[in-house]
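**Student:**
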DNA sequence: TTTTTATATGATGGGTTTCGAATATAAAAA
DNA sequence: TTTTTATATTCGAAACCCATCATATAAAAA
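Residue numbers (this note's numbering), protein chains in the order written: chain A, 1196 to 1307; chain B, 1196 to 1307.
1. Name, please, each residue of chain A whose Cβ falls closer than 7 Å to the Cβ of residue 1231 of chain B.
2. Does residue 1197 of chain B come within less than 8 Å of chain A when only Cβ atoms are used?
3. Please compile the residues from chain A whose C-beta is within a distance smaller than 7 Å of the C-beta of residue 1213 of chain B.
4. Cβ of residue 1303 of chain A less than 8 Å from any chain B Cβ?
5. Of the residues that make up the region 1274-1289 of chain A, which ones have a beta carbon closer than 9 Å to any beta carbon in chain B?
6. Taking residue 1205 of chain B as the reference, give the member of B/1227, B/1275, B/1230, B/1252 with the closest Cα.
7. Less than 8 Å separating the beta-carbons of residue 1273 of chain B and residue 1283 of chain A?
8. Between residue 1208 of chain A and chain B, is the shortest Cβ-Cβ distance under 8 Å, so that the two count as touching?
9. Cβ of residue 1258 of chain A less than 8 Å from any chain B Cβ?
10. Distance, Cα to Cα, residue 1140 of chain A vs residue 1216 of chain A?
11. Check the DSSP bridge columns for residue 1286 of chain A and list the partner residues they point to.
12. Answer with yes or no whether the minimum CB distance from residue 1248 of chain A to chain B is below 8 Å.
13. Considering only their Cβ atoms, is the gap separating residue 1202 of chain B from residue 1285 of chain A smaller than 8 Å?
14. Output the boundary residues of the alpha helix (DSSP H) element that contains residue 1215 of chain A.
15. Apply the 10 Å Cβ neighbour rule to residue 1299 of chain B and answer buried if 16 or more other Cβ atoms are within range, or exposed otherwise.
16. Would DSSP call residue 1269 of chain A helix, strand or coil?
17. Any heavy atom of the ligand FMN closer than 7 Å to the beta-carbon of residue 1199 of chain A?
18. Measuring CB to CB, does residue 1245 of chain B end up less than 8 Å from residue 1229 of chain B?
19. Taking residue 1256 of chain A as part of the alpha helix (DSSP H), name the residues at either end of that continuous run.
20. For residue 1264 of chain B, which residues does DSSP report across the bridge?
21. Expressed to the nearest angstrom, what Euclidean distance is found between the alpha-carbon atoms of residue 1269 of chain B and residue 1224 of chain B?
22. Using a C-beta to C-beta distance shorter than 7 Å, which residues of chain A count as neighbours of residue 1254 of chain B?
Pasting the structure below:
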């Protein structure tokens, strides 16, 4: 509705992708080059660069070039606080979903 | 990458929509019926019901029927803690974007 | 220079999301 | 019952997101 909500939604959208979350987690340990991240995350290089570009554009990452390579780092470490707080809620949901899954597995097999 | 990242991304995706954020904010004050929310948020009823359904499916909301109407409420108030923490980061980004915007407005008009 | 290595960008296509319109369901009122 | 009110669902079109492929740039090495 409001433009603040639109803005916040943009922010969440930046986090709403498994690879982007993996990138942020990988950069907890400090800045890394694109090729390091390619190795570590086992994705195609253009795919990675695309998502790195997006995260930089959204202001979550920044980059510096060092000779041949480009090093990315987290721009605002506050984002980790945020991700970590999110974990509590994920965990509750995980438990719920697991309960649901367990319930489904209890059902008679070969069924409806 | 990991399935935890996939799961977290799902969670963020649930929040990555202006109307869904507005719904959650509207329910800070307590449970509300669909029609109340339609009025307050000024959206079409089917659009609202669709997003309410999504939030319920993702475990963020729950609903109870009372006669003719259906009342929705937040399932885990922890989500507000989370949204509020997010605000810090939004604010930094807002300031940045405003600086950018201001810089653009300083540019000579009718330009490139 | 030419070649190689590292990274970024652009185009394409498949999948998903979104909104609005029409319709369906469910309960209350008449 | 029929009608009305409140909410949900379904459908289709437009917009968007994503991975891949091909190609471009930029710096170092040869």
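The beta-carbon is built from N, C-alpha and C at its ideal position, and this holds for glycine as well.
**Tutor:** So, from the listed chains and residues:
1. Counting from 1 along the second chain, the entry for residue 1231 of chain B is found at position 36. Residues of chain A passing the Cβ test: none, with the nearest at roughly 14 Å.
2. The residue given as residue 1197 of chain B occupies position 2 in the second chain. For residue 1197 of chain B, the answer is yes, since a Cβ of chain A falls inside 8 Å of its Cβ.
3. If you number the second chain from 1, residue 1213 of chain B lands on position 18. Near residue 1213 of chain B (Cβ distances below 7 Å), the residues of chain A are 1196, 1200, 1201, 1204.
4. To locate residue 1303 of chain A, count along the first chain from 1; it is residue 108. Summary for residue 1303 of chain A: the model assigns pLDDT 43, below 50, so the residue's position carries little reliability; its value from the coordinates is reported in the next sentence. Not an interface residue.
5. Listed by position along the chain: 1274, 1276, 1277, 1278, 1280, 1281, 1282, 1283, 1284, 1285, 1287, 1288, 1289.
6. The count along the second chain starts at 1 and reaches residue 1205 of chain B at position 10. Looking at B/1227, B/1275, B/1230, B/1252, the one whose alpha-carbon comes closest to that of residue 1205 of chain B is B/1252.
7. On the second chain, residue 1273 of chain B is found 78 positions in, with the first residue counted as 1. On the first chain, residue 1283 of chain A is found 88 positions in, with the first residue counted as 1. Between residue 1273 of chain B and residue 1283 of chain A, the C-beta gap is smaller than 8 Å, which places the two residues in contact.
8. The residue given as residue 1208 of chain A occupies position 13 in the first chain. Under the Cβ distance rule, residue 1208 of chain A counts among the residues neighbouring chain B, one pair being separated by less than 8 Å.
9. Looking up residue 1258 of chain A in the first chain gives position 63. No - not a single Cβ of chain B is within 8 Å of the one on residue 1258 of chain A.
10. In the structure as shown, chain A begins at 1196 and stops at 1307. Residue 1140 of chain A is therefore absent and cannot be evaluated.
11. Taking the first chain and counting its residues from 1, one reaches residue 1286 of chain A at position 91. Note: residue 1286 of chain A is not bridge-paired with any residue in the DSSP secondary-structure output.
12. As a first step, residue 1248 of chain A must be located in the first chain, where it is residue number 53. False, the Cβ-Cβ gap to chain B never drops below 8 Å.
13. The sequence position of residue 1285 of chain A within the first chain is 90, counting from 1. The sequence position of residue 1202 of chain B within the second chain is 7, counting from 1. The answer is yes: Cβ separation under 8 Å.
14. On the first chain, position 20 is the one that residue 1215 of chain A refers to. 1213-1221 is the extent of the alpha helix (DSSP H) around residue 1215 of chain A.
15. Numbered from 1 along the second chain, position 104 holds the residue referred to as residue 1299 of chain B. Note that residue 1299 of chain B scores a pLDDT of 49, beneath 50, so its modelled location is shaky and nothing firm can be said.
16. Locating residue 1269 of chain A in the first chain gives position 74, where the first residue counts as 1. In this structure, residue 1269 of chain A counts as strand in the three-state DSSP scheme.
17. For the ligand FMN, the structure offers nothing, since it holds no ligand at all.
18. By one-based count along the second chain, residue 1245 of chain B stands at place 50. By one-based count along the second chain, residue 1229 of chain B stands at place 34. Not a contact, by the Cβ cut-off of 8 Å.
19. Counting from 1 along the first chain, the entry for residue 1256 of chain A is found at position 61. Looking at the DSSP string, residue 1256 of chain A is not in any alpha helix (DSSP H); the run it does join, the beta strand (DSSP E), is 1256-1261.
20. On the second chain, residue 1264 of chain B is found 69 positions in, with the first residue counted as 1. According to the DSSP secondary-structure assignment, residue 1264 of chain B is paired through a beta bridge with B/1261.
21. One-based indexing of the second chain puts residue 1269 of chain B at position 74. One-based indexing of the second chain puts residue 1224 of chain B at position 29. Their Cα atoms are separated by approximately 10 Å.
22. Residue 1254 of chain B sits at position 59 when you count from the first residue of the second chain. Neighbours of residue 1254 of chain B on chain A, chain order: 1288, 1291.
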